[in-house]
Amino acid sequence: MTKVNFPKLAYCYIIVFIAMVAGGYYSNFAMLNWYHSVDKPLLTPPDSVFPIVWTILYALVALAFYLALSNEKSDKKRKKLNSWFLGLMFLHVLWNYAFFFNGYIGMALVVLIAIDILSYMIMMEFWSISKSPALLFFPYFVWILFATYLNAAMINLNGYIIMIE
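Residues in the sequence shown are numbered consecutively from 143, following the working numbering.
In structure tokens:
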């Protein structure tokens, strides 16, 4: 059994936690201001589902990141993974800011497509290191693709910008 590197594990979870809290701040703003007043796609889950799903997915993603960093022997590849992962978390916060805080759902879709691409790249990089982190990351990737559908469908129903008063 491999010994757990607690500082590395904490780092992985702290990075994800920061993104989760920042994103939650912006999404809470929308819930209080505009989200309930706009048309949503038919497949939109109930509001109560999102925090549960995101908490589980973020926990899986942090664990996947930890396992990939722990199993990768190359410093260069670990640094690349770290920068990609930090970029992914930044894009998550940016998406929440664009979508929920500003109502720029068209711009948010552009950010979400970047998240889709970077997520796929990270998942493939995880796969090349070990199958376990890639498999832990996969549910997140599927959910992100679903979020892309929801974002695009909201544009179709409401336009590119939600007017926030």
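The C-beta atom is built at its ideal place from N, Cα and C for all residues, glycine as well.
Bear in mind that the values here come from a model prediction, so they are computed numbers and not experimental data.
(message) Assuming the contact rule is C-beta atoms closer than 8 Å, Trp226 and Leu254 should be a hit. Round their C-beta distance to whole Å, please.
(response) Here the question's residue 226 lines up with position 84 in the sequence shown. Here the question's residue 254 lines up with position 112 in the sequence shown. Contact flag wrong, Cβ pair sits at about 17 Å.
(message) Give me, in chain order, the residues of the same chain whose beta-carbon lies closer than 8 Å to that of Ile160; leave out the 5 immediate sequence neighbours on both sides.
(response) Residue 160 sits at position 18 when you count from the first residue of the sequence shown. Closer than 8 Å at Cβ, skipping near neighbours: Met231.
(message) Using C-beta distances below 8 Å, list every residue in its chain close to Asn293, excluding the 5 sequence neighbours before and after it, in chain order.
(response) In the sequence shown, counting from the first residue as 1, residue 293 sits at position 151. Excluding sequence neighbours, Asn293 sits near Phe241, Ile247, Ala250, Leu251 and Leu254.
(message) Assuming contact is defined by CB atoms lying nearer than 9 Å, are Leu278 and Leu228 in contact in what I supplied?
(response) Along the sequence shown, one-based indexing puts residue 278 at 136. Along the sequence shown, one-based indexing puts residue 228 at 86. Contact flag unset, no.
(request) Inspect the beta-carbon positions of Trp285 and Val195 and report whether they are closer than 9 Å. (result) One-based indexing of the sequence shown puts residue 285 at position 143. One-based indexing of the sequence shown puts residue 195 at position 53. Contact flag set, yes.
(request) Let me know the secondary structure DSSP gives Tyr246 once reduced to three states. (result) Locating residue 246 in the sequence shown gives position 104, counting from the first residue. In this structure, Tyr246 counts as coil in the three-state DSSP scheme.
(message) For a minimum of 4 consecutive residues, which ranges assigned as the alpha helix (DSSP H) are wholly contained in the segment 199-245?
(response) 217-238
(request) Out of Tyr155, Ile297 and Ser272, point me to the one whose CA is closest to Leu199's CA. (result) Here residue 199 refers to the residue found at position 57 when the sequence shown is read from its first residue. It is Tyr155 whose Cα lies nearest to the Cα of Leu199.
(message) Among Leu185, Lys150 and Val163, whose alpha-carbon lies nearest the alpha-carbon of Thr290?
(response) The residue labelled residue 290 in the question sits at position 148 within the sequence shown. Taking only the C-alpha atoms, the option nearest Thr290 is Leu185.
(message) Going by DSSP in three states, Asp189 sits in which element: helix, strand or coil?
(response) As a first step, residue 189 must be located in the sequence shown, where it is residue number 47. Three-state result, Asp189: coil.
(message) In the DSSP assignment, the alpha helix (DSSP H) including Met126 goes from what residue to what residue?
(response) This structure leaves residue 126 out entirely; the chain is present only between 143 and 307.
(request) Look at Met266 and Ala276 and say whether their C-beta atoms are less than 9 Å apart. (result) As a first step, residue 266 is located in the sequence shown; it is residue number 124 there, counting from the start. As a first step, residue 276 is located in the sequence shown; it is residue number 134 there, counting from the start. Yes, these two residues count as a Cβ contact at 9 Å.
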